[in-house]
Amino acid sequence: MTWLKLVEGYMPMQMISELALSVLIFCLVNWTLKRAGMGISSFWAAIGIWAFIVTYLTYRIYPPIPFSVRAIYGTVSACGLFMWVSGSQGAWEEFKRPIFNVMDGISGFHKAIRVVALILIPLGLGGFAFKSFLPSFEEPIELRTVHPAPPATTKVHGKTFVLQTSANPFRVNKEGKYDQAFSNERIVEQSMGRLMKDVNDPNFNPWDPNAEGYTKYVREGGEIFYQNCHFCHGDNLNGRGLWAYAFNPIPANFTDAGTIAQLQETFVFWRVSKGGIGLPGEGFPWASVMPPWEQHLTVDEIWKVVMFEYWHTGYYPRTWD
Amino acid sequence: MNRNMRFTASTSSRFALTVGISLLLGVGLPISSWGQDGPPEGFVKQTAPPVPSAEQIESGKRVYFTKCVWCHGVEGAGDGPGAARLWPRPRNFVSGTFKIRHTASGQLPLVNVDLLQTVTHGLPGSAMPSWEGILTEDQRKDVLAFISTQLVKDRDWQDTEFEDFFVLELDKLQPTPNTPESIKHGAELVQEKKCVECHGQEGRGDGNAFNLKDDWGFSIQPADWHKCWNFRGSRQDPYNVKNIFRTFSTGINGTPMPSFADTTSIADRWDIANYVNSLCERQGEVAAINGVVTDEIATTFTTAQPLAIDPQTDKPKGTFVIPSKFVEGELPTDENGEAWKTAPRIWLALGGQITHKPRNFVNRIDDAWVQSVYNNDHILFMFKWDDRTKSIQEGEVDWDKTEVNLGDYGIEEQQPNGSSFADEQFHPESLAAKQKDGYAVFNDGIAFQFPIKWQELPAPRKPRYFWGDERFAADITKWTADGTLAVYEGTGWDQDFNEIDFQEEVSVVKAEWVNGRWTVIIKRPIKGDYEEVAYLEAGKYIPMVFFAWDGHNGDVGRKMAVSAFYYLVMEPTIPNTTYIYPILMGVGIIVLEGWVLGRRANRRKEKGRA
Chain A
1 MTWLKLVEGY MPMQMISELA LSVLIFCLVN WTLKRAGMGI SSFWAAIGIW AFIVTYLTYR
61 IYPPIPFSVR AIYGTVSACG LFMWVSGSQG AWEEFKRPIF NVMDGISGFH KAIRVVALIL
121 IPLGLGGFAF KSFLPSFEEP IELRTVHPAP PATTKVHGKT FVLQTSANPF RVNKEGKYDQ
181 AFSNERIVEQ SMGRLMKDVN DPNFNPWDPN AEGYTKYVRE GGEIFYQNCH FCHGDNLNGR
241 GLWAYAFNPI PANFTDAGTI AQLQETFVFW RVSKGGIGLP GEGFPWASVM PPWEQHLTVD
301 EIWKVVMFEY WHTGYYPRTW D
Chain B
322 MNRNMRFTAS TSSRFALTVG ISLLLGVGLP ISSWGQDGPP EGFVKQTAPP VPSAEQIESG
382 KRVYFTKCVW CHGVEGAGDG PGAARLWPRP RNFVSGTFKI RHTASGQLPL VNVDLLQTVT
442 HGLPGSAMPS WEGILTEDQR KDVLAFISTQ LVKDRDWQDT EFEDFFVLEL DKLQPTPNTP
502 ESIKHGAELV QEKKCVECHG QEGRGDGNAF NLKDDWGFSI QPADWHKCWN FRGSRQDPYN
562 VKNIFRTFST GINGTPMPSF ADTTSIADRW DIANYVNSLC ERQGEVAAIN GVVTDEIATT
622 FTTAQPLAID PQTDKPKGTF VIPSKFVEGE LPTDENGEAW KTAPRIWLAL GGQITHKPRN
682 FVNRIDDAWV QSVYNNDHIL FMFKWDDRTK SIQEGEVDWD KTEVNLGDYG IEEQQPNGSS
742 FADEQFHPES LAAKQKDGYA VFNDGIAFQF PIKWQELPAP RKPRYFWGDE RFAADITKWT
802 ADGTLAVYEG TGWDQDFNEI DFQEEVSVVK AEWVNGRWTV IIKRPIKGDY EEVAYLEAGK
862 YIPMVFFAWD GHNGDVGRKM AVSAFYYLVM EPTIPNTTYI YPILMGVGII VLEGWVLGRR
922 ANRRKEKGRA
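Going line by line, the protein sequences match chains A and B.
Mind the numbering: the first sequence is residues 1 to 321 in the numbering used here, read in order.
Mind the numbering: the second sequence is residues 322 to 931 in the numbering used here, read in order.
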């Protein structure tokens, strides 16, 4: 059922239109049936629609929405349905009729339902109350900021870097000048697989013996990455490394458009140098196992590995202008 | 078009092969045994795979130099920049020796079956990831075309004179159902076939554990049957018995694991596979002590439910809450106490400590199980974890047990200078050299930390996972295999521990290493000096972090395995109000129902009268 797939980003609109469409179809069908003299009473229609909405929210939406949110939606739709069934005196009388019929026990069948309901209601509500009184210990939810505000400057190996003005010293063209356009041309292709553009051209293949400048530094950055970083961030830089299962917060996925693609290179330099312990409080520095890489790498090595991450994922660092 | 070209190129060799096969079929079939060179039972002879096209090889080269070269190296010798810090090591392609295959022992793998499955599913338990969803199937096949033709140098898939392909017909063979009889027979066969000599009496990979080497001289260890999600050949389907049957039938080339196809009937192979598969951890623990399987145990094996495996990590799905259950009266005095049955066992995920020097790139303890019970005064933690070697430090060390900065004493991390290792397998810095016998043996150990005065932490702040920090200290309970159990105050990853005057209060209820598994039960008072130690309270979330050391791996000090934050919850006994209120509520509703119905009836009566 691929045509029914919920698409990330469009999910809320999709959900509302699907629900609206289903209710609309139901109303149309019921209206037609009513004209033919076999419509469903508004009592059962209201209960049916409400049950449909709750079922839809519980089983259709993935990843599942929490119970508290479903409860809000369920209440809102119950209010809406109540407004519908109590719209006019006649409608309200019609809606109430099946309830009163049971209460009055107008027939043997209705009496039987009355007995069952009288027993089930206190049992059900009592059971529900018991369940909510039982102590439950779910994992607590703690929200952390993934990209906290960076500082103005950062001091690494005794040198102060101003985040707004610093530039990666290895992102250089053949003349040795900082040149982002030059390096952006040489990153991997942003298509399936994210592969280098040409394996036989030293401009694009960092492993070509004749690679120089930017492309050669990419290889040096990659060497550092595969000696230090892949254990968590993964061989494909997707945050699924060897030890990723053991850590929480989980390692960043650089191939996701929401991580390094959204950041300036100097921000990444700051994050790599200072690691988890250097995060501000909202980033939960106590829980992150990200090393402060200044303890393990030189300034040059950090710049190179940052550059490699952009090369390998095929993203451009964000710029200030 | 390419395909046609391939066919023309190899017509002559194909002809020869066809003739060969007809001859073999004609001569071999009537005879019950295939003789020395025929395929073993369950295998069938196949022709060589087609020659890949030049375009495919070229496009595979592009994939290789973007994704694979970093670990497998420019020449494919398994010596890329990442190789030196990996265990198991990246595959060296040069000799064409591949571990996970459908082909008979010693033979080349099927490129578009075996190697494709390896690239698609990765090799769980190693750094080789699953490339499914990252590379398209064509890209995966292309890179294999490049590797099999350009990097495998010593052998050739097209060399019909030397290469045979006897392929295990795994899809056609029906597994024997895992009946208690099959499992029991399998348990006897693993003794008879001497599987246990390497894999250990209970299959934890603890037999012969530190003396095995692969064809390249690198240290390797027998598989731990209790962690099937780490089986390299699990194909991301670890509880599938076919994987075990396949490995057992084909052997693992390049390692001491032989093929049993020639010596073991298919029926026996399924029995062994069923037994090995049943040892993989299930939701409840099923212990077959010393590998002895009684009827009762065998029956339990057949019904035990597998653990849920997370497809993203190929590890069991975990939870970060450790419920400790209340026990009326005395706490259990060993691992068999009845009280343990009330407490669920929680899987602890442990990764190598790779934050601060000396980092632990080769982490041998990747998980542990913990259970906890408490009474009014004490809490017990029972840890069980697989460790192939019982390590107790021999002789004295130069440092004090409270010291954590051991760099001055020569405790260092693995150097990254990798590429020279391929030429020199026993380069003094290589893991192979160190694992052979070069490591000093330190103590195995396990530890856990709580925040001191956790009640006052401004949520969600906690003391740093790594032994606390300047502002918030951690209370660290550490047991080591030499019998030491102590409680320390930690104030930072590089700050020496402070001994806390709590030693008399904590005790080791049990610490035993049997057949590749440690069972350690630690007892701690719930309460202590509020200012000095963690003062535990029921019904609260108490942050907890775990640490583990494998002495034979050179683990000591900061070189260890570490977990993320977990929460200990000492579940309070259910108060009486939990039972009383719902009953009161039910009674109230019944009264209300009577009132409503009574009113309704009255009203109808009135109406009727009117």
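Virtual Cβ for every residue (Gly too), placed ideally from N, Cα, C.
In the DSSP secondary-structure assignment, Thr424 of chain B is bridged to B:Val488. Annotation: the continuous beta strand (DSSP E) that includes Met703 of chain B extends over His699 to Asp707.
With fewer than 16 other beta carbons inside 10 angstroms of its own, Asp492 of chain B counts as exposed.
Residues of the same chain with a CB within less than 7 Å of the CB of Lys304 of chain A, apart from the 5 flanking positions on each side, are Phe170, Tyr217, Glu220, Gly221 and Ile224 in chain order. DSSP places Glu810 of chain B inside the beta strand (DSSP E), whose first and last residues are Leu806 to Gly811.
For the options B:Phe419, B:Phe868 and B:Ala619, the alpha carbon positioned closest to that of Gly399 of chain B is the one of B:Phe419. Residues of the region 283 to 294 of chain A that bring their beta carbon within less than 9 Å of a beta carbon in chain B comprise Phe284, Pro285, Trp286, Ala287, Ser288, Val289, Met290, Pro291 and Pro292, in sequence order. Among the CB atoms of chain A, one or more fall inside 8 Å of the CB of Leu456 of chain B. In the three-state DSSP reduction, Ser42 of chain A falls in the helix class (H, G or I). Identification of residues in the region 176 to 206 of chain A having a C-beta nearer than 7 Å to some C-beta of chain B yields Val188, Met192, Gly193, Leu195, Met196, Val199 and Asn205, given in sequence order. In this structure, DSSP gives Pro12 of chain A a helical state, which the three-state scheme calls helix. A Cβ-Cβ distance of about 5 Å is found for the pair Asn238 of chain A and Thr255 of chain A, placing them in contact under the 8 Å criterion. The beta carbon of Ile378 of chain B sits closer than 8 Å to those of Asp463, Ala466, Phe467, Thr470 and Gln471, all from its chain and outside the five residues before and after it, given in chain order. For Ala629 of chain B, there is no enclosing beta strand (DSSP E), as DSSP marks it with neither H nor E. Classified as buried, Glu523 of chain B has 16 or more neighbouring CB atoms from the shown chains inside 10 Å of its CB. Beta-bridge annotation (DSSP): Trp800 of chain B is paired with B:Ile767 and B:Leu806. For Ser555 of chain B, not one C-beta of chain A is nearer than 8 Å to its own C-beta. Against chain B, the CB of Asn236 of chain A has a partner CB under 8 Å away; the residue lies at that interface. The region 903 to 913 of chain B makes no contact with the region 792 to 803 of chain B: fewer than 3 CB pairs, one atom from each, lie closer than 8 Å. For Leu123 of chain A, the C-beta contacts it makes with chain B under 8 Å involve Gly907, in order along the chain.
For Lys534 of chain B, no chain A residue has a Cβ inside 9 Å of its Cβ, as the nearest lies near 22 Å away.
Residues of the same chain with a CB within less than 7 Å of the CB of Leu628 of chain B, apart from the 5 flanking positions on each side, are Glu602, Arg603, Gln604 and Pro637 in chain order.
Taking 4 residues as the minimum length, the alpha helix (DSSP H) runs contained wholly in the region 554 to 620 of chain B are 562 to 571 and 587 to 600, in order along the chain. In chain order, Phe771, Ile773, Val854 and Ala855 place their CB closer than 6 Å to the CB of Asp796 of chain B, counting only its own chain and leaving out the 5 sequence neighbours on each side. Bounds of the beta strand (DSSP E) holding Leu669 of chain B are Ile667 to Ala670. In this structure, the CA atom of Arg70 of chain A is about 27 Å from the CA atom of Asn248 of chain A. Across the structure, Leu913 of chain B and Ala45 of chain A are spaced so that their CA atoms are roughly 27 Å apart. Taken atom to atom, the span from the alpha-carbon of Asn413 of chain B to that of Ser599 of chain B is near 33 Å. Under DSSP, Ala795 of chain B takes part in a beta bridge, and its partners are B:Pro772 and B:Gly811.
In this structure, DSSP gives Asn433 of chain B a helical state, which the three-state scheme calls helix.
For Ser645 of chain B, the enclosing beta strand (DSSP E) stretches over residues Val642 to Phe647. Proximity to Gln692 of chain B across B:Gly929, B:Glu651 and B:Ala664 peaks at B:Ala664, based on C-alpha coordinates. Scanning B:Val562, B:Ser540 and B:Gln479 for the CA closest to the CA of Pro409 of chain B turns up B:Ser540. For Ser107 of chain A, there is no enclosing beta strand (DSSP E), since its DSSP letter is neither H nor E. By the neighbour-count criterion, in which 16 or more other beta carbons inside 10 Å mark a residue as buried, Glu185 of chain A falls on the exposed side.
Near chain B, meaning a CB-to-CB distance below 9 Å, the residues of the region 271 to 282 of chain A are Gly275, Gly276, Ile277 and Gly281.
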